[in-house]
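Report on the structure given below.
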Amino acid sequence: MHDSFGEGVEITDVQLIAELKMELLREREVREGIEKQLMDEQRTRNNLENQLKLKIGMKILYQKRLKKEKRTRRRVQEQLEAEVKKRAQYEEALRSNSAETLRLLNESLAQELERERNARAEAEHKMQDCPMSV
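Under this note's numbering, the first residue of the sequence shown carries the number 1224, and numbering increases by one thereafter.
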């Protein structure tokens, strides 16, 4: 009797060892699956973080471009307003005393023509003074 009880204990121990090995294998597979899932999630998180950094960088770039464009637009608008004001002043000056304005324009044109004639004459004089080598 004792022998059969001993054999029963051995079979139970063998069964217990086999069950423990199977449970160990299942736990190892579960652990490996969880580790793989964790690595996949970390990889996904890193990808999302990189995408977020890229989008933040693009947002900053667009904000800088927009700010620069606004400054440029404001400067051009100010220049346009100054030119419009200047044109209005010229038109008013022409309407108010056109005779005086025409006289001043004629004088400045005459002076400019005289300067051009003098420059041309001087250039011709230099050409005549310059001996030509053949």
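Cβ atoms here follow ideal geometry from the backbone N, Cα and C, with glycine treated the same way.
Quiz prompt | Cα-Cα separation, E1323 to R1310 | solution = 18 Å
Query - Residues near R1294 in its chain [Cβ-Cβ closer than 8 Å; skip 5 each side] - result: Counting only Cβ-Cβ distances below 8 Å, and skipping sequence neighbours, we find nothing.
Express the C-alpha separation of M1281 and M1245 in angstroms, rounding to a whole number.
-> 54 Å
Q.
Between the alpha carbons of L1277 and R1266, how many angstroms are there, rounded?
A. 17 Å
R1340 versus E1347 - alpha carbon distance: Straight-line measurement puts the Cα of E1347 at about 10 Å from the Cα of R1340.
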